[in-house]
Every structure is written in C-alpha cells, then in structure tokens.
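Have a look at the structure below before the remarks.
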Amino acid sequence: MKRKTLSRYLIEQQREHNNIPADLRLLIEVVARACKHISHAVSRGVLGDILGNAGTDNIQGEAQKKLDILSNEILLEANEWGGHLAGMASEEMEHMYEIPNRFPKGEYLLVYDPLDGSSNIDINVTVGTIFSVLKKPEQTSGAVTEADFLQKGTEQVAAGYAIYGPQTLLVLTTGFGTHCFTLDAELGSWVLTQEHMRIPSSTAEYSINASNQRHWAPPMQTYFSELLAGEAGPRKKNYNMRWVASMVADVHRILTRGGVFLYPADARTPDRAGKLRLMYEANPMAMLVEQAGGSATNGNIRILDILPETLHQRVAVFMGSNEEVDRVTRYHQHS
Ligand code: AHG
Ligand code: MN
Ligand code: MN
C-alpha cells in the first residue's frame with residue numbers, strides 16, 4: 000500500500016480546508032524534523048551521553064535532565080531561523096524566547112514541552128515532546144511579549160506530540176481530526192499510519208497517580224472510590240489501571256484504545272491548581288483529545304476555554320472518554 004508522507008498530508012489539507020498556509024506547514028515540518036533529532040538522541044542513551052541530570056533546576060524548581068536541555072535547544076535552533084515564528088516559549092525557559100533580530104519574523108507562536116516524562120529518561124521508558132501553535136495576536140505589531148502567548152486553547156491552530164517509544168510517532172491535529180504518523184527512520188520520513196483517531200465514549204480503564212489520593216478533594220475521592228468498587232459498586236463494572244508517568248504515553252494509549260487520564264489538584268500545593276502545565280501540556284493534549292471525539296476539563300470548565308494568566312500556569316486535568324470526564328466534572332461542579 001502506498002502511504003502518505005507528512006508533507007503530502009499537509010499540502011492536501013491546505014487544498015481541502017485552506018487551513019495550513021505555507022508558513023504553518025514549514026513550522027509543523029520543522030518541529031517534526033526537530034523531533035526526529037530528539038528521537039535519535041533518545042535512542043542513543045549512554046552512547047550519546049544524554050542520560051542523567053544536568054545539575055540545574057528549571058523555573059518549576061524541577062531538576063533538569065541533560066535531555067530536557069538538549070531537546071529544548073534542538074527545538075529552539077531548528078525553529079528560530081525559518082522566518083515562520085514571532086516567538087517561542089518552553090517548559091525549560093522562564094521567559095519567552097524572542098526570535099533573534101538577525102532572522103526574519105513570522106506570525107506564529109510555538110509553545111512546547113521539549114521532553115515530557117523526564118523521570119522515565121534514565122530507565123528506558125517512553126518519553127515525548129508536546130507542542131502547541133498559536134497565532135500572534137493581530138493587534139501586535141513589532142516584537143511580541145509574553146502577554147501575546149496568553150491565549151485560550153481554542154485559539155490553537157495546531158497541536159501535537161512526538162512519542163519516543165518502541166516506534167517514534169507524531170500525533171497531530173490542525174483542527175480536522177487527530178492523525179498519527181510513524182517515523183520511517185531509514186527514509187527519514189513521517190508516514191501517515193492512522194487517520195482520525197477516535198476515543199470511545201465509554202471505557203473501563205483509568206490513568207492516575209493514586210499515591211496522591213489522600214491529598215485529593217472530596218469530589219475526587221467519591222469518583223475514585225466508585226472506580227475502585229468495581230462491579231459491586233455504583234459503576235457496575237471492573238476497571239483496569241495504567242500509569243506510565245509520561246503524559247504523552249498515557250494520552251497516546253487513550254487516543255489508541257480509550258480511557259481517562261486524571262491529574263487532580265492536590266491539597267499540599269493549594270497555590271497551584273494541579274501539576275500539569277496549561278499552555279504546553281494540557282492545551283495541546285486537550286485539542287488532540289477533543290479532535291478525537293473525547294473531552295477535557297479542569298473539573299469545572301473545558302480546558303480549552305481557560306484564559307491563561309502566566310506561561311507556566313498549572314491546571315487540574317481530566318481528559319479522555321466522554322462518560323468518565325463528564326462524570327468526574329459533574330462531581331466537582333456539584334460539590
Ligand atoms: P515533565 O517530565 O515534562 O516535567 O512532565 C511530567 C508530567 C507528565 O508527563 C506526567 O503525566 C506526570 O508529570 C507524572 O507525574 P508523577 O510523577 O506525579 O506521576
Ligand atoms: Mn511534561
Ligand atoms: Mn518536560
């Protein structure tokens with residue numbers, strides 16, 4: 000069977016929907032190329048001297064791994080010179096990155112988590128890269144500021160992730176479904192291998208770090224105890240649990256066979272809404288999940304409707320199969 004490459008897919012989408020102008024196509028292809036580079040570094044491990052800590056902390060106070068920093072640099076260097084971007088922001092940089100003046104500037108903003116699942120790097124478990132693409136606000140002429148990035152997830156023009164697992168995959172949406180490409184490493188091309196991923200609306204599999212249970216709020220306790228009660232409880236079915244601790248891997252499983260991903264708020268850190276970051280984890284994943292027929296909320300409203308206040312803002316996350324997300328959201332809303 001003759002399969003489609005990412006380039007051909009993007010060109011045909013533009014013909015059909017008029018939603019991927021040439022500079023957005025360049026942006027997506029450059030990000031995809033950078034992800035190939037990261038995938039190669041990940042696969043080298045010790046041989047590439049990429050394992051272990053870098054000896055620095057990021058703005059979130061988390062120890063940076065060598066691969067966090069390397070991946071951040073690969074994405075910066077790949078994207079700064081092409082003329083398609085007005086600015087970038089990343090988990091690993093406190094402030095936005097301005098495109099240096101020696102390069103032309105474009106209309107798009109790229110926000111990313113260069114390496115998701117850092118705690119899994121050194122143990123040879125799946126990690127990934129998550130990205131979100133916004134447009135520079137129309138009223139901004141000249142240099143962009145951080146305020147220009149603070150747009151709702153509904154404004155994303157593209158979102159995706161690369162996942163470095165047994166295969167390297169790219170899962171992408173530009174607003175017309177969620178599609179999966181597999182890296183053909185020998186040819187160096189991304190090949191469309193699954194169109195229109197769909198998340199079934201009901202599921203019997205959940206994904207949560209249950210070691211935090213005693214710190215959750217009452218509605219979350221109720222919801223979780225009902226899952227645990229299985230067939231004998233109000234849900235009348237037995238659930239299975241999976242937690243990789245790389246959001247890309249857990250969400251990829253949900254996009255592939257359904258399920259619900261939960262990262263609730265935690266009473267130990269009342270000053271922040273959850274662990275995951277809105278702009279470069281929750282928003283791109285929420286768009287991918289919604290485009291695959293699932294839903295994503297913070298327990299109160301749709302993730303994509305949250306107006307960000309800061310670049311590194313955190314958020315509670317409930318995403319995946321509609322029935323579960325609707326229920327856990329209802330419990331929070333009615334508490
Ligand atoms: P990152 O490695 O980019 O900091 O993200 C890690 C996130 C996410 O990928 C994962 O779902 C979650 O943290 C795991 O949290 P726990 O360590 O609490 O399980
Ligand atoms: Mn992450
Ligand atoms: Mn990260």
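Under numbering that gives the first Met the number 0, the first residue of the sequence shown carries the number 0, and numbering increases by one thereafter.
Note that beta-carbon positions come from the ideal geometry of N, C-alpha and C, so glycine has one too.
Residues whose Cβ lies closer than 6 Å to any heavy atom of ligand 2, in chain order: D112, D115, M246 and E280
Distance, A203 Cα to S38 Cα: 32 Å
CA-to-CA distance, A244 to L186, given in whole angstroms: 31 Å
Rounded separation between S89 and R2 - CA only: 33 Å
Check: S224 C-beta below 7 Å from any heavy atom of ligand 1: no
Beta-bridge partners of D56, as assigned by DSSP: A62
Paired residues, beta bridge with G86 - DSSP: E97 and L108
Proximity winner among N208, C34, Y279 and R326, relative to G164 (alpha-carbon distances): C34
Contacts around L26, its chain only, beta-carbon distance under 6 Å, and the 5 residues preceding and following it disregarded: H83 and Y107
Three-way DSSP call (helix, strand, coil) for G159 in this model: strand
For F223, the first and last residue of its enclosing alpha helix (DSSP H): P217 to A228
Burial state of L9, where buried means 16 or more other Cβ atoms lie within 10 Å: buried
Residue closest to K65, alpha-carbon to alpha-carbon, out of A77, D56 and L50: L50
Boundaries (first-last residue) of the beta strand (DSSP E) holding M318: V316 to G319
Of the listed residues M0, G86, E91 and A31, nearest to I58 (C-alpha basis): E91
Terminal residues of the alpha helix (DSSP H) in which Q290 lies: N282 to Q290
Residue interval of the beta strand (DSSP E) (run including Y205): E204 to S206
Same chain, Cβ closer than 8 Å to Y279, neighbours up to 5 away in sequence not counted: A88, S89, E90, V110, Y111, D112, I129, F130 and S131
Own chain, CB closer than 8 Å to H331, minus 5 neighbours either side, in chain order: A216, P218, M219, G298 and N299
Q166, buried or exposed, once every other Cβ within 10 Å from all chains shown has been counted against 16: exposed
Cut-off 6 Å between Cβ atoms - residues of its own chain near D22, not counting five sequence neighbours on either side: H83 and G105
H251 versus T55 - alpha carbon distance: 30 Å
Closest residue to A157 among T4, K274, S70 and A285 (Cα-Cα distance): A285
H333, buried or exposed, once every other Cβ within 10 Å from all chains shown has been counted against 16: exposed
For K134, the residue or residues it bridges with in DSSP: Y107
Cβ pair L306, K151 closer than 8 Å: yes
Near ligand 4: D121 beta-carbon under 7 Å from a heavy atom: What this structure holds is ligand 1, ligand 2 and ligand 3, not ligand 4.
Close-in-space but distant-in-sequence residues of the same chain around W80 (CB under 7 Å, 5 per side omitted): F102
Among T328, V288 and G44, the one whose alpha carbon lies nearest that of H253: Note that residue 253 is Ile in the sequence shown here, rather than His. Of the listed residues, the one whose Cα sits closest to I253 is V288.
The stretch 172-182 in contact with the stretch 140-149 per 3-pair CB rule at 8 Å: no
V45, buried or exposed, once every other Cβ within 10 Å from all chains shown has been counted against 16: exposed
Neighbour flag for S131 against chain B, beta carbons, 8 Å: No chain B is part of this structure, which consists of one protein chain only.
Coil, strand or helix - V243 by DSSP: coil
Limits of the unbroken beta strand (DSSP E) element including Q193: S188 to Q193
D249 beta carbon near ligand 3 (any heavy atom closer than 7 Å): no
A184 versus Y160 - alpha carbon distance: 17 Å
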